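Note sheet for the following structure.
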Amino acid sequence: MTSEQHLAPFRMPDRLFAELAAGGGSAAAVAFLERAERARRLLLLRTLLDDLAALPTPLTPVAEAWRVLKEAAETSPEPVERLLLAPATGGWISHMLRRVHGTATGPPLWVEAGHLSALALSASVQAATEAALDVPLTGGRLHLPGLGMVRLPDGDDGLTVGRATTTGGELTVAAPGDATGPVRVTCRPRRRPADADGTATDADVWLPLRTLTHTGPDGTGPFTVVLEDLDPYRDLDDHLPPARLDDEEAREWQRLFTEAVRLLAHPDGPGPGRVDPAMIRAIVPFGRTAVSPPPPPFVQVSASSGDSFGGMLIVRPSSPLALAETLVHELQHSKLAALLHLFPLLEDDRAERYYAPWRTDPRHLTGLLHGVYAFTGVAGFWRDRLAGAPDERTADTAGYHFALRRLQSRLVVRTLLTEGRLTPQGRALVSGLARTLDGWLREPVPDGALTRARTAAALHRTEWRLRNVDPAAQTPSDGPRFRPDRTLWPDVRTHAFATRPVAPRTADEHLAAGDAAAALAGYAEQLAADPAEPHALAGWIVARAARDPGRATRRMLARPELLQPLPSG
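Residue numbering for the sequence shown follows this note's numbering, starting at 1 and increasing by one per position.
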């Protein structure tokens, strides 16, 4: 590993780009993206080291920490490569660059710069080299990326400077004025660290890194994915204190992950919507959930960052199926972010004026591109579920999600292709997605699922326009003008329409069941009290179009915001 810059451009083979443009990506394609991310991180790290060289600090200078890290890399490259490619490491590098340029905040800058020493110590422990570094301790804690966290007994609640030394794979951390003396912790790769001396128990002084284990589809392994609850840079940007999962929550994550991996295994190899869990480097449990969280859409929140390739924040979903879908979704974001680091894919003025079928607010073009890439993968995931459905009910649910996401994604592809903002590489990528989606649109889906998917898509777009678009403003060539009083609103229909109601009672349930007349009557009753209520008005317009298709109802669907208040009839 070296921080010196070499002007050797990356050249992606056409076949790998074609795989990614189709929405998929083999192990070779993802490995290429990872190599590119490695090069990018080293370049950013070189810039950061220059920025921090003159930083006043009570810690060991960053140049010495970098020397320790390089020495460990020369002795034992593999664990240091894992440290460099860890999602949290990418998050730290980018966060620190924002700090030095004044666009991010956090603890004192010297404290955050000291994370380089923590990386160096972790590398030194795993390579069994020798090092001695002054490090920041927060509440008597020192986090070692990729290994775990040391906790000094009776550690100071604030910030202090400690001394950490490594030799032969053993780490000693001491804080000034510590009456109990140094705490010695032995950390060795691929083994749980254990306390080497002192009266404290292992749990008192050392928290090991949590991992999720799985085996490959051919029985190889076991492989591990980090379940990251300690690293201060596990979030998308902000510096976070550790938030250790309790054992019950960790076991539930393992159960869900094991089943999700089984669902993702596919004998036909890579393709859009298929994920090899080995491509995932870390899952960050986001927030807290109960042992039995409520079903979607209430607990299905996830996020990722272009700075943290292969990492994702996830609120624990309610089922293995939901987790598997989320893994697909977030890995798609990682792949596209890596492509955006290699190629300029579009010219985006960042104006938020476009309809995204999976959002309730207007989006900019980069948001559309990220969304369509992610949901093309999600459509492929449900396509595989439909193909392997063991019964009619499972096929109906999978068919709904497949039909909905392919329809919504194709709509956004059309927007991207017609806006004229794509670069040649961007047009090649979006055209590849279009070919994938066009092929999928010709594939059969159970009739009831297809009807509900089309209805749900129409409902979302209609309500989006009612809540966002200003009906009094003339629509210019660059898109609609938006209401000054618009707010976020809950999209409750996308998931509600996934299954056909057995005994419909509400207007929405009648519409999902295919009874447009009963739904129309129900919406009209709601609108009698408030003729412009967006949720009910959207339902009324879509139900009217289903019952009486024609030019007039097509106009209503195209510009529903003009239909206020509700006309008679």
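All C-beta atoms, glycine included, are put in the ideal place defined by N, C-alpha and C.
Here the structure is a predicted model, which means the values were calculated and not measured.
Cβ contact (3+ pairs, closer than 8 Å) linking the region 314-332 and the region 106-115: no
Neighbourhood of H239 by C-beta distance below 8 Å, restricted to the same chain and skipping five residues each side: H95, G106, P107, E112, P232 and Y233
A403 and R385 closer than 8 Å at C-beta: no
Length of the line joining the Cα atoms of L422 and A524: 44 Å
P571 versus D134 - alpha carbon distance: The structure shown does not extend to residue 571, since the chain is modelled only from 1 to 569, so the question has no answer here.
7 Å CB neighbourhood of R383 in its chain, flanking five on each side removed: G273, F402 and W440
Inter-residue Cα distance where the pair is V225 and R82: 12 Å
The region 404-413 / the region 365-381 touching (three or more Cβ pairs under 8 Å): yes
Burial state of T220, where buried means 16 or more other Cβ atoms lie within 10 Å: exposed
Cβ pair count under 8 Å reaching 3, the region 116-133 against the region 144-163: yes
Proximity below 8 Å, CB of V315 to CB of V301: yes
Beta carbon of A543 nearer than 8 Å to that of M556: no
N-terminal and C-terminal residue of the alpha helix (DSSP H) that W92 is part of: P87 to V100
Bounding residues of the alpha helix (DSSP H) (the contiguous stretch that carries V372): L365 to A387
Check: S409 C-beta below 7 Å from any heavy atom of the ligand SAH: Among the components modelled here there is no ligand, and therefore nothing to report on the ligand SAH.
Alpha-carbon spacing of G198 relative to T487, whole angstroms: Here G198 scores only 36 on pLDDT, less than 50, and its place in the model should not be relied on; the value that follows carries that caveat. Taking the straight line from one Cα to the other gives about 58 Å.
Alpha-carbon spacing of L527 relative to L537, whole angstroms: 7 Å
Through-space distance from L511 to A519, alpha-carbon basis: 5 Å
For I541, the nearest candidate out of A529, L563 and A498 (CA to CA): L563
Residue range of the alpha helix (DSSP H) that includes V328: P320 to L342
L20 and L339 closer than 8 Å at C-beta: yes
Per DSSP, the bridge partner or partners of S302: I314
Segment contact flag, the region 55-74 with the region 360-370, C-beta cutoff 8 Å, min 3 pairs: no
Length of the line joining the Cα atoms of T172 and L42: 29 Å
Identity of the residue in W464, T394, G380 and G269 nearest D438 by Cα: G380
Those residues which DSSP pairs with P13 across a bridge: According to DSSP, which records beta bridges pairwise, P13 is partnered with nothing at all.
Stretch-stretch touch, CB-based, cutoff 8 Å, three pairs: the region 451-468 with the region 493-500: yes
Beta-carbon proximity of L466 to P390, cut-off 8 Å: no
Assigned secondary structure, R190 (DSSP; H/G/I helix, E/B strand, else coil): Any reading at R190 must be qualified, since the residue scores a pLDDT of 37, below 50, and its modelled position is unreliable; the value itself is stated next. Coil at R190, not helix or strand.
Contacting residues, own chain, Cβ-Cβ under 6 Å from R15 (five flanking each side not counted): none
Any alpha helix (DSSP H) of 4 or more consecutive residues that is wholly inside the region 196-277: 202-205 and 247-264
Where D530 falls, given that 16 or more other Cβ within 10 Å makes a residue buried: exposed
Rounded C-alpha distance that separates R190 from G168: Because the pLDDT at R190 is just 37, under 50, the model does not fix this residue reliably, and the value given afterwards should be weighed accordingly. The alpha-carbon atoms of R190 and G168 are separated by roughly 15 Å.
For M556, the first and last residue of its enclosing alpha helix (DSSP H): R551 to A558
Residues near T436 by beta carbon distance below 7 Å, same chain, minus five either side: A22, G23, P272 and T376
A194 versus F286: straight-line alpha-carbon distance, rounded: With a pLDDT of only 41 at A194, under the threshold of 50, the placement of this residue in the model should not be trusted; the figure read from the coordinates follows. So the two alpha carbons sit approximately 28 Å from each other.
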